[in-house]
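**Q** I have a structure I would like to understand better, so I am pasting it below and will then ask my questions one at a time.
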Amino acid sequence: MAGRGSVLLPTYNERDNLPLVVWLLVRTFRHSGIDFEIIIIDDGSPDGTQEVAKELEKIYGSDKILLRPRARKLGLGTAYIHGMKHATGNFIVIMDADLSHHVRVCFIKQKEGNFDIVSGTRYRGNGGVYGWDLKRKLISRGANFLTQVLLRPGASDLTGSFRLYRKEVLQKLMEKCVSKGYVFQMEMIVRARQLGYTIGEVPISFVDRVYGESKLGGNEIVSFLKGLLTLFATT
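So the sequence shown is numbered by full-length UniProt numbering: it starts at 1 and just counts up by one.
Structure below.
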């Protein structure tokens, strides 16, 4: 795969995770021979995440680590839109800063099939989830089941947040998407299917957070259900 990869890394209270996830990403890209940049989109974390990001800029260079903060939490979808404005790569990776994802497999899959999108899936092949309690597993499985039944999206994992996009494809999808929270991930795949983009999947082993707590709560679940019904009614 020729070109450059831009990783969009939204953060909120990730000061403990950020140095390790950046180190892992830098090591992966360098070992794979892929040019890269990591764009950190911090939403006003009170725990000092931005100070850590500034130190990482000094360590790895401002051409590789770019801190592009926002004043407060404004939603996952808008975080990616904000990060896209600063991305120079022709491939964009979206992922969490919680050490749950592995980047190299997406680039390999993209090259194999020349896909427009490569999505990590926990629900196909040897993919799986480790470290979650039963409640979290049921929520995730239930969300994916409802989405498959109502929307028939053509992908097995709609609620995951580990994907690679061609930059121009991501830009087009962002123009179409209206969701701002966790529903954003689901809507991106549904819109991609509508527009005829090719989607490859790679099984991933999702390991629960090393540091910190998940941001998933009751409000996010309600928003997801509302978004799902909206997509069902409009797609």
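Where is the CB? At the ideal position from N, CA and C, for every residue including glycine.
Less than 8 angstroms between the beta carbons of I117 and V169, yes or no?
**A** For the purposes of this step, residue 117 is identified with residue 117 of the sequence shown, where counting begins at 1. For the purposes of this step, residue 169 is identified with residue 169 of the sequence shown, where counting begins at 1. Yes.
**Q** According to DSSP, which residues form a beta bridge with T78?
**A** On the sequence shown, position 78 is the one that residue 78 refers to. T78 has no beta-bridge partner at all, per DSSP.
**Q** The alpha helix (DSSP H) that contains E168, what's its start and end?
**A** Working through the sequence shown from its first residue, we reach residue 168 at position 168. Looking at the DSSP string, the run of the alpha helix (DSSP H) that includes E168 is 167-176.
**Q** Taking L225 as the reference, which of A87, I139, L76 has the closest Cα?
**A** For this step, residue 225 is matched to residue 225 along the sequence shown. Closest option to L225, Cα to Cα, is I139.
**Q** Compare the C-alpha of K135 against each of I221, L229, I34 and name the closest.
**A** Here residue 135 is taken as the residue at index 135 of the sequence shown, counted from 1. Closest option to K135, Cα to Cα, is I221.
**Q** Identify whether L67 lies in helix, strand or coil by the three-state DSSP scheme.
**A** Your numbering for residue 67 matches position 67 in the sequence shown. Residue state, collapsed to three classes: strand.
**Q** Determine the contact status of V93 and V7, defining contact as a CB-CB distance below 8 angstroms.
**A** Taking the sequence shown and counting its residues from 1, one reaches residue 93 at position 93. Taking the sequence shown and counting its residues from 1, one reaches residue 7 at position 7. Going by C-beta atoms, V93 is nearer than 8 angstroms to V7.
**Q** For V103, which three-state DSSP category applies?
**A** Residue numbering aside, residue 103 sits at position 103 when the sequence shown is read from its first letter. If DSSP states are grouped into helix, strand and coil, V103 belongs with coil.
**Q** Taking DSSP as the reference, what is the three-state secondary structure of I38?
**A** The residue you call residue 38 lines up with position 38 of the sequence shown. Strand at I38.
**Q** For S6, list the residues DSSP reports as bridge partners.
**A** Numbered from its first residue, the sequence shown carries residue 6 at position 6. E37, I92.
**Q** Per DSSP, what kind of secondary structure is T11 in: helix, strand or coil?
**A** In the sequence shown, counting from the first residue as 1, residue 11 sits at position 11. In the three-state reduction of the DSSP assignment, T11 falls in the strand class, which pools E and B.
**Q** D96: buried (16+ other C-beta within 10 angstroms of its C-beta) or exposed?
**A** Here the question's residue 96 lines up with position 96 in the sequence shown. Buried, by the Cβ-count rule.
**Q** Determine the DSSP secondary structure at G113, reduced to helix, strand or coil.
**A** The count along the sequence shown starts at 1 and reaches residue 113 at position 113. It is helical.
**Q** Apart from the five residues just before and just after R124, which ones in its own chain have a Cβ nearer than 8 angstroms to its Cβ?
**A** As a working mapping, residue 124 is identified with position 124 in the sequence shown. Cβ neighbours of R124 within its own chain (closer than 8 angstroms, five residues either side excluded): S156, D157, E201, P203.
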